[in-house]
Amino acid sequence: MSPTTRVVRSSCRGCHGVCQVLVHMEGDRVVRVAGDPDSPTSRGYICPKGAAAPEILYHKDRLTHPLKRAGMRGENRWERISWEEAISEITERLDRVRWESGTEYFALAQGTGRPYTEYTNRFANAFGTPNFVSPGHNCFLPRVIASSITVGALPIADIYGFGDEMPACVMNWGCNHTETGASDGMCGAMFKRALKQAKKVIVVDPRRIGPAEKADYWLQLRPGSECALALAMINVIISEDLYDHEFVEKYGFGFDRLADHVRSFTPEWAAPVTRVSASLIRSAARTFATTKPACIQWGNGIDMSTNAFQTARALLILMGITGNIDVPGGNVFWVPPKGIRPKGHKPPDFKGGGGQFMSAEKKATVISGNRFPFTPDCHTPTFWKSVISGEPYRVRAIWIVGSNPLSTATQGPTIERALKDYMEYTVVSDLFMTPTAQLADLVLPAAHWLEQDDVVFMHEVWCAMSRKKLAQIGEARDDRDVILEVAHRLGLNDAFPWPDRYAYLDWICEGTGMRFEEFKEKDIVMGEMRYRKHEERGFGTPSRKFEFYSTVMEHAGRPPLPVYVEPPLSPVSAPELARDYPLILMTGTKVLHYFHSELHQIDSLRKRHPDPLVEINPETAARLGISDGDWVSVESPHAKVRLKAKLFDGIAPDVVNAEHAWWYPEATPPDYRWKESCVNLLFGDDHFDPDTGAEPLKCYICRIAPV
Ligand SMILES: Nc1nc2c(c(=O)[nH]1)N[C@H]1C(S)=C(S)[C@@H](COP(=O)(O)OP(=O)(O)OC[C@H]3O[C@@H](n4cnc5c(=O)[nH]c(N)nc54)[C@H](O)[C@@H]3O)O[C@H]1N2
Ligand SMILES: Nc1nc2c(c(=O)[nH]1)N[C@H]1C(S)=C(S)[C@@H](COP(=O)(O)OP(=O)(O)OC[C@H]3O[C@@H](n4cnc5c(=O)[nH]c(N)nc54)[C@H](O)[C@@H]3O)O[C@H]1N2
Ligand code: SF4
Ligand SMILES: [Mo]
């Protein structure tokens with residue numbers, strides 16, 4: 004370490020972020036980011052994305068000042084303007100839209116959850132637009148909402164041992180957490196530690212993921228069939244009397260109806276549907292029910308299907324009937340640190356005009372959200388179509404904060420057309436130029452996490468951490484500063500009562516007795532975990548019970564007990580089509596070196612993962628004349644894209660798994676060849692989960708050929 008080096012503790016935000024890190028500084032320059040061995044959240048872990056933070060921060064392609072479109076849309080001609088000009092322009096355009104057409108004619112879009120999520124939500128609500136466009140219907144929200152109607156909140160695998168007990172059994176279902184590093188507020192390395200300590204590990208995944216190598220059971224199910232598997236497990240646990248009688252009787256609602264409902268869903272019924280043998284289903288179910296405590300770690304494998312919501316409900320029921328809810332080592336509800344304000348908390352003088360206060364009338368104008376009873380936002384694929392069709396109306400302006408939907412959403416060409424030819428005014432905030440940003444009228448440079456002071460509390464887990472501003476690149480700004488300023492100019496001060504973001508950060512930690520500057524020095528504050536909180540106050544559902552039978556679904560006219568529905572395009576549901584497209588297509592398994600469409604321009608990461616890969620079973624590859632590393636075409640009834648074959652015997656011969664969100668930052672703008680390898684082009688726009696609007700991104704059909 005050179006004498007000028009100092010080390011600052013901070014929190015990484017290379018993904019959803021929960022790892023504490025040591026940032027090495029030489030003078031004003033960040034030279035290295037390393038894991039923090041003293042961190043209770045991550046114990047020294049750092050992944051390649053975290054370690055690449057300085058390279059990302061100082062990358063030559065970072066956006067450094069606001070850019071206004073100078074040529075035709077998508078011509079890549081830009082004029083540098085000042086922040087003052089940019090903010091005046093946005094304010095003036097949004098003001099015009101709301102007075103001329105109505106507040107719903109503005110949409111706010113964002114990608115995955117990020118530190119500014121509270122601000123984007125607040126802004127949309129306060130402005131009065133129900134059109135919040137996000138990937139939430141495919142990610143996390145199906146699980147969050149199913150949890151809230153079943154048990155009041157999202158139960159999380161208790162892998163930190165606060166109750167002096169680690170899970171004796173871990174069932175890892177449709178989640179690749181040890182690879183993704185961190186997601187949903189949890190650190191993958193800590194999950195790995197929990198797997199090591201567990202007596203029994205059950206992995207439910209169509210692919211032999213890392214944890215499956217050493218698992219006691221690997222249930223290699225057919226993609227999209229997970230609800231059938233869960234129902235059969237429930238059947239075994241109830242019919243063999245392995246359920247937790249005390250929990251079910253005292254805290255459960257509708258157990259008898261559940262027992263009746265699952266009677267016919269035997270392992271023998273599920274075996275041909277799931278391709279997991281009845282005896283394996285029985286053994287795994289018995290193990291899960293009898294090895295206490297047990298937890299389920301779930302992930303995107305559940306969300307992205309047209310049966311997503313029912314599947315999430317079925318998995319919650321598995322947690323409930325085994326009595327693993329809110330017990331040490333089970334699936335628990337975190338107790339957040341005292342005094343840290345939760346997201347969406349009402350500011351002191353908030354008189355309405357947003358959030359739950361948005362008028363029912365305004366809410367009813369949401370574009371196609373009402374088609375799906377359990378999505379809180381507008382339905383993203385339908386939204387983009389509406390911009391072209393003008394049905395039910397055409398949104399006039401959109402602010403896309405941190406999303407690259409051309410690459411990460413389905414219907415990319417529709418989005419491209421919508422932005423190019425129909426949207427009157429588009430603002431994109433990003434760190435880098437992207438295929439989506441190329442279609443904007445105004446592009447705003449966003450700050451990297453090393454440029455941000457923050458209270459890290461996005462997932463409201465058991466701790467809040469500090470993040471420290473250690474650099475400034477060009478004129479990049481924290482998105483929240485920009486949103487706050489535009490909000491103030493539009494007169495939305497009720498929802499944003501703070502003079503600036505530092506006042507907001509003070510307000511967030513007010514209850515701890517610390518101001519942000521003090522909190523920052525403390526680095527982390529932790530909650531005091533308590534378990535079995537339902538014994539005092541029940542669960543946050545209409546019946547105050549764990550709803551095996553969902554009263555909320557009953558009211559919505561949807562099945563109150565989980566039912567299995569076959570994926571819309573599968574060898575079973577569409578045998579004719581499957582003759583031409585004989586392979587089952589899974590997409591978007593997250594990879595260690597990238598975050599969705601981000602970081603492909605970072606040399607150290609790209610070197611380790613240079614091309615978009617599609618996993619193919621060696622038998623199938625041999626039959627098709629494909630060798631490892633060959634470029635292949637992956638084709639669905641909707642499109643054809645190009646990826647590189649990676650032979651993998653941990654996937655069934657008729658299943659392939661393709662990486663998502665590839666574009667080529669090194670290619671020529673404005674399009675950066677984004678269509679070449681974008682697997683999201685393969686999906687149609689006609690099959691959605693009836694409850695949440697989720698899309699079958701992990702269970703579609705395709706064919707593959709050498710190119
Ligand atoms: N086929 C398929 N598609 C999928 C998935 C899948 O499994 N399969 N996964 C889906 C999932 S889970 C999700 S969440 C979505 C993600 O979808 P997106 O969120 O659209 O994905 P990103 O590539 O992360 O795009 C984010 C953009 O935000 C920028 N960015 C990063 N940090 C910041 C910031 O702090 N401020 C601002 N202003 N910009 C920032 C990045 O540079 C990048 O260009 O993709 C979904 N797409
Ligand atoms: N490195 C990295 N980390 C990330 C991200 C990233 O892009 N890169 N993205 C972040 C985001 S936004 C999210 S939402 C999380 C997601 O993280 P995860 O929840 O882990 O999601 P995925 O990697 O999409 O898929 C998880 C597993 O589901 C399996 N799977 C696919 N189809 C099925 C199925 O039908 N049934 C079952 N049972 N399993 C199936 C896949 O084989 C895969 O192993 O990761 C976050 N962390
Ligand atoms: S897993 Fe996420 S938070 Fe942890 S080091 Fe990697 S990028 Fe950072
Ligand atoms: Mo996600």
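If you count the sequence shown from 1, you need to add 3 to reach my numbering.
Yeah, the Cβ is synthetic: ideal placement off N, Cα and C, and Gly gets one too.
Environment of residue i [buried if 16+ CB atoms lie within 10 Å]
| i | result |
| --- | --- |
| Cys705 | buried |
| His599 | buried |
| Gly357 | Caution is warranted here: a pLDDT of 38 is assigned to Gly357, below 50, making its placement in the model unreliable, and the coordinate value is therefore given only provisionally. Gly357 comes out buried. |
| Lys63 | exposed |
| Trp723 | Because the chain spans 4 through 710 in this model, residue 723 falls outside it and cannot be assessed. |
| Lys471 | buried |
| Val10 | exposed |
| Pro438 | buried |
| Gln359 | With a pLDDT of only 44 at Gln359, under the threshold of 50, the placement of this residue in the model should not be trusted; the figure read from the coordinates follows. Result: exposed. |
| Gln223 | buried |
| Lys354 | Reliability fails at Lys354, whose pLDDT of 46 lies under 50, so the model's placement of it is uncertain and the value that follows must be treated cautiously. Result: exposed. |
| Ser362 | exposed |
| Lys217 | exposed |
| Val710 | exposed |
| Arg540 | exposed |
| Ser13 | buried |
| Lys649 | buried |
| Arg146 | buried |
| Glu249 | exposed |
Best match in the options for proximity to residue i [C-alpha to C-alpha]
| i | options | result |
| --- | --- | --- |
| Val330 | Val265, Met532, Thr181, Leu198 | Met532 |
| Ile629 | Ala708, Leu60, Ala664, Ala642 | Ala708 |
| Gly114 | Asp31, Ala56, Cys18, Glu88 | Cys18 |
| Thr590 | Thr385, Val335, Asn141 | Asn141 |
| Gly696 | Pro502, Ala311, Glu243 | Ala311 |
| Val154 | Ala315, Glu454, Lys71 | Ala315 |
| Glu601 | Glu29, Ala37, Glu669 | Glu669 |
| Ala574 | Arg225, Leu321, Glu121 | The residue you asked about is not Ala; residue 574 is Pro in the sequence shown. Nearest C-alpha to Pro574: Arg225. |
| Tyr246 | Ala297, Lys202, Val207 | Ala297 |
| Gly139 | Asn128, Arg117, Thr132 | Arg117 |
| Leu442 | Leu70, Leu25, Gln23 | Leu70 |
| Thr411 | His663, Ser576, Phe549 | His663 |
| Phe256 | Asp433, Val555, Arg609 | Val555 |
| Ser392 | Ile284, Arg483, His382, Thr417 | Thr417 |
| Pro384 | Asp689, Arg285, Ser636, Ser242 | Asp689 |
Whole-Å CB distance - residue i paired with residue j, under 8 angstroms assumed
| i | j | result |
| --- | --- | --- |
| Arg83 | Gly74 | At roughly 14 angstroms, the Cβ-Cβ gap does not stay under 8 angstroms, so Arg83 and Gly74 are not in contact. |
| Ile148 | Val251 | That pair is no contact at about 23 angstroms. |
| Ala400 | Leu97 | 6 angstroms |
| Val659 | Ile605 | Rounded, the Cβ-Cβ distance is 27 angstroms, inconsistent with contact. |
| Phe519 | Val458 | 7 angstroms |
| Ile212 | Glu182 | 7 angstroms |
| Pro133 | Glu103 | Not confirmed; about 18 angstroms, so no contact. |
| Trp176 | Ile299 | 6 angstroms |
| Ser150 | Leu144 | Not quite, the Cβ-Cβ distance comes to about 10 angstroms (not below 8 angstroms), so this is no contact. |
| Gly342 | Cys512 | 7 angstroms |
Beta-carbon spacing of residue i, residue j below 8 angstroms
| i | j | result |
| --- | --- | --- |
| Pro545 | Tyr552 | no |
| Gln136 | Phe386 | The question names Gln, but residue 136 is Val in the sequence shown. Cβ atoms of Val136 and Phe386: closer than 8 angstroms. |
| Asp796 | Val464 | Given that the chain is displayed from residue 4 to residue 710, the structure contains no residue 796 and the question cannot be resolved. |
| Tyr119 | Val398 | no |
| Cys702 | Gly372 | no |
| Ala233 | Lys202 | no |
| Ile370 | Phe126 | no |
| Ile205 | Ala287 | yes |
| Ala215 | Ile162 | no |
| His596 | Leu608 | yes |
| Leu580 | Leu586 | no |
| Ser576 | Lys523 | no |
Margin query: I want to know whether the stretch 474 to 484 touches the stretch 446 to 458 - three or more CB-CB distances under 8 angstroms.
Written below: Inter-segment contact for the stretch 474 to 484 and the stretch 446 to 458 is present: three or more beta-carbon pairs are separated by less than 8 angstroms.
Check: How about the stretch 671 to 690 and the stretch 644 to 656: do they share at least three Cβ pairs that are nearer than 8 angstroms?
Finding: Result yes; three or more Cβ-Cβ pairs closer than 8 angstroms.
Checklist line | Sufficient close CB pairs (3 or more, under 8 angstroms) joining the stretch 261 to 278 to the stretch 104 to 114 | finding: Contact annotation: the stretch 261 to 278 does not touch the stretch 104 to 114, with fewer than three C-beta pairs closer than 8 angstroms.
Item checked: Inter-stretch contact (C-beta, 8 angstroms, three-pair minimum) for the stretch 485 to 503 and the stretch 91 to 108 -> Result yes; three or more Cβ-Cβ pairs closer than 8 angstroms.
Check: Three or more C-beta pairs closer than 8 angstroms, one from the stretch 48 to 67 and one from the stretch 177 to 193: is that the case here?
Finding: Contact holds between the stretch 48 to 67 and the stretch 177 to 193, because three or more Cβ pairs, one in each stretch, are under 8 angstroms apart.
Notebook entry, point to check: Residues with a Cβ closer than 5 angstroms to any heavy atom of ligand 5, in chain order?
Noted result: For the structure depicted, ligand 5 is absent and the ligand set comprises only ligand 1, ligand 2, ligand 3 and ligand 4.
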